[in-house]
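Going by my numbering, the sequence shown opens with residue 71, and the numbers climb by one from there.
Idealized CB from N, CA, C, for every residue including glycine.
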Amino acid sequence: MNRFYQPETETMSPDAMRALQNEKLIKQVRRVYDNVEYYRKKMDEKGVKPEDIRSVDDLHLLPFLTKDDLREAYPYGLLALPLADCVRIQSTSGTTGKRVVAFYTQHDLDIWEDCCARAIVAAGGDRNDVVQVSYGYGLFTGGPGLDGGSHKVGCLTIPTSSGNTDRQIQFMIDLHATFLCCTPSYALYLAEAIEEKGLRDKISLRAGIFGAEAWTEEMRRDIEHKLGIKAYDIYGLTETSGPGVAFECAEQTGMHICEDHFYPEVIDPDTGEVLPDGQKGELVFTALDKEAFPLLRYRTKDICVLSRKKCSCGRTLVKMSKPMGRSDDMLIIRGVNVFPSQIETVFLNNGYEANYQIHVDRANNTDTLDINVELKPGMPADEDSLAMAKKKLTASLKSMLGLSANVHLLPPKSITRSEGKAVRVIDNRKLY
Ligand code: DLL
């Protein structure tokens, strides 16, 4: 069994890796400065020129990019190539206003799929494996990313996408799937459905690659126990390409970052200052060799710790801890990125005030979303009017978030007012 997909990079000496990163960074900063007006302006405002960046040690001189920049530059403002050179887009889950659209050249797709292939091989996969990809396909990066990685490794790939649990289990059994790729919550859901149907001894799974949302060590043990597999974590975000930016190896103590493509920094989220390895802060990525959508110093808002401790798997790639939270208020509910501000927009657009509370929980391994909102004084409160209002709000929320929510209309002044910051979100899932 191969231990590495790209051994020359995955086990490269730290000095050689540094040299490679420096070489790529210098070229990339020049390309971006010459081709991306939006970022050129930011660099000019900060008084930094491409020639000031001679190595990764100079990265701190460059300005950050955030989701706000992506929104402002939507859709083409951060493209570094003519559209004719792009072959694909992917996007974050169905959110109006906050949508991120990432562009890829064929070279970018190759890099992305290589990263996912590294993840599959690190989890013990090879060409004899049968990989069931139960992440969503389409605009979401989960399905296409793992699918591409599985092809590169030479595995038989089953592109079931998410949903339709009975069919998932049928394929898993009939085609002897050995790897399962999906969100950890869907893995648990599948595990329980398999258990309920008494089919546990009919499945051939031996490993799973799970990510796209926070999950705890307890959840890992639960999945491993219920499916009789090893469960590996995988991390990524649409802005950098998708899954595979970082992946776990057999040691299961953090995820190796594909730092030959994505240079990581950890910063203090309040001051923006770069923190030394081992300190907890916000993860920032610089895409070193992406062509179409090369974000420099992109703030992920994910809080984690980097470690360069020697890994028993032989990989020298730096490791990131599991994300330990976010430095913004984004929630990930059933795999969909949700900002409380989007929910507020729906209420305000429908004539309500900003008196609402979002309750997130998990029942039967599926996230639940309940939203309480107060009626404004004078709004009709008879049964028919309430039913109609609820229907309208539920539809508006669904179209804004791409997600169904249970809306509860409450009498005016029934949500407890806070003396400090309003408590808008009550998340009882205990994910971190
Ligand atoms: O979730 C990409 C992905 C697909 C990763 C499949 C892994 C597997 P987005 O929808 O853009 O992309 O969401 C990115 O999800 O900033 C994190 O907050 C969170 N996230 C992703 N992976 C993990 C993970 C995909 N393993 C956002 N653990 C990121 C915790 C994760 N959070």
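Take G219, set aside five residues on each side of it, and the residues of its chain with a beta-carbon closer than 6 Å to its own are E183, C186, A187 and I190, in chain order.
Taking C-beta separations shorter than 7 Å and ignoring five residues to either side along the sequence, the partners of R197 in its chain run V223, G224 and C225, following chain order. Between the stretch 325 to 336 and the stretch 135 to 151 there are fewer than three C-beta pairs closer than 8 Å, too few to call the two in contact. Apart from the 5 residues on each side of it in sequence, T464 sits with its Cβ closer than 6 Å to the Cβ of V477 in its chain, given in chain order.
Per DSSP, reduced to three states, the secondary structure at C328 is coil, with no helix or strand assignment. D199 is positioned such that its CB atom lies closer than 7 Å to that of F249. In the three-state reduction of the DSSP assignment, S466 falls in the helix class. The beta carbon of T227 lies closer than 7 Å to those of V201, V203, D217, S220 and H221 in the same chain, with the five residues before and after it left out. Collapsing the DSSP output to three states places M449 in coil. Assignment of beta-bridge partners to V443 by DSSP yields Y426 and L479. In the DSSP assignment, N407 forms a beta bridge with I402. Contact check for K300 and E294: beta-carbon distance about 6 Å, within the 8 Å limit, so the pair qualifies. Between L479 and L445, the beta carbon gap of about 6 Å places them in contact (Cβ cut-off 8 Å).
Around the Cβ of I496, a 10 Å sphere holds fewer than 16 other Cβ atoms; the residue is exposed. Shown here for T79: same chain residues with a beta carbon closer than 6 Å to its own, the five before and five after excluded, namely D330 in chain order.
By the Cβ test, the stretch 369 to 382 is not in contact with the stretch 405 to 418, since fewer than three Cβ pairs between them sit closer than 8 Å. Inclusion of G206 and S231 in the CB contact set at 7 Å is warranted, their separation being smaller than that value. Per DSSP, reduced to three states, the secondary structure at G351 is strand. For L209, the CB stays at least 6 Å from every heavy atom of the ligand DLL. For the pair D127 and P254, the Cα-to-Cα distance works out to about 36 Å. Set against 6 Å, the gap from the CB of I243 to the closest heavy atom of the ligand DLL is not smaller. The criterion of a C-beta distance shorter than 7 Å is satisfied by D303 and E318. Between the alpha carbons of S484 and N435 lies a gap of roughly 30 Å. Listed in chain order, the non-local C-beta contacts of Q349 below 8 Å within the same chain comprise V336 and V375, local neighbours out to five positions each way being set aside. No heavy atom of the ligand DLL is found nearer than 6 Å to the CB of I373.
If you draw a straight line from the Cα of Q240 to the Cα of G472, it is about 28 Å long. Between the beta-carbon of P214 and that of Q176 there is about 14 Å, and that puts the pair past the 8 Å contact cut. Counting the other Cβ atoms within 10 Å of the Cβ of V408 gives 16 or more, which makes it buried. For T162, the CB contacts under 7 Å within the same chain, skipping 5 residues up- and downstream, are R169, V170, T308 and N407 in chain order.
If only uninterrupted alpha helix (DSSP H) runs of at least 4 residues are considered, those enclosed by the stretch 259 to 303 are 287 to 297. Taken through DSSP and simplified to helix, strand or coil, P339 comes out as coil. Secondary structure at Y146: coil, using DSSP grouped into helix, strand and coil.
Distances between the C-beta of Y174 and the heavy atoms of the ligand DLL are all 6 Å or more. DSSP lists I304 and H326 as the bridge partner or partners of F317. Taken in chain order, the complete alpha helix (DSSP H) segments of 4 or more residues contained in the stretch 164 to 224 are 176 to 192 and 212 to 223. DSSP assignment within the stretch 87 to 154 yields the following whole alpha helix (DSSP H) runs of 4 residues or more, N-terminal first: 107 to 116 and 137 to 142.
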